[in-house]
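Chemist:
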Amino acid sequence: MQWQRAGTADAARDEAECGAAARQQAIDALPYGNGPPLYGFTSEVSMLQWTMAIDNERSYLAGDLTKACMRQRGFELVPVPPRQ
């Protein structure tokens, strides 16, 4: 799939701008905080697992925000034409 908009030959610049803004929004929306509840005492979740889970959520959120930004700019996801 690729982003396409009438009158635009290459969507790379727009996608990079949307992606950068989306990643920052995801970081702001999902901070690491102070770690898992009761870290080091009775918690079954390590600090590594805690941060990795937040990183995964950030990645999904950033992807969704990037798609929303690109659609707001008038782009659509279309299949890549097959090579001949």
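Be aware that the sequence shown starts at 1, since it is given in my numbering, and climbs by one per residue. All C-beta atoms in this analysis are idealised placements derived from N, C-alpha and C, irrespective of residue type, glycine included.
1. At the level of alpha carbons, what is the spacing between S59 and G7?
2. Answer yes if the stretch 68 to 81 comes into contact with the stretch 50 to 59, meaning at least three C-beta pairs across the two stretches below 8 Å, and no otherwise.
3. The alpha helix (DSSP H) spanning Q25 covers which residue range?
4. L48 and M1 - do their beta-carbons sit closer together than 8 Å?
5. Just to confirm, is the Cβ distance from A12 to Q4 under 8 Å?
Modeler: Reading from the atomic positions:
1. Taking the first residue of the sequence shown as position 1, residue 59 is located at position 59. Taking the first residue of the sequence shown as position 1, residue 7 is located at position 7. Each residue's Cα considered, the two are about 30 Å apart.
2. no
3. For this step, residue 25 is matched to residue 25 along the sequence shown. Counting along the chain, the alpha helix (DSSP H) containing Q25 begins and ends at 12 to 29.
4. Position 1 of the sequence shown, counting from 1, holds the residue named residue 1. Position 48 of the sequence shown, counting from 1, holds the residue named residue 48. No, they are not a contact pair.
5. For the purposes of this step, residue 12 is taken as residue 12 along the sequence shown, with counting starting at 1. For the purposes of this step, residue 4 is taken as residue 4 along the sequence shown, with counting starting at 1. Against a cut-off of 8 Å, the Cβ pair of Q4 and A12 comes out as no contact.
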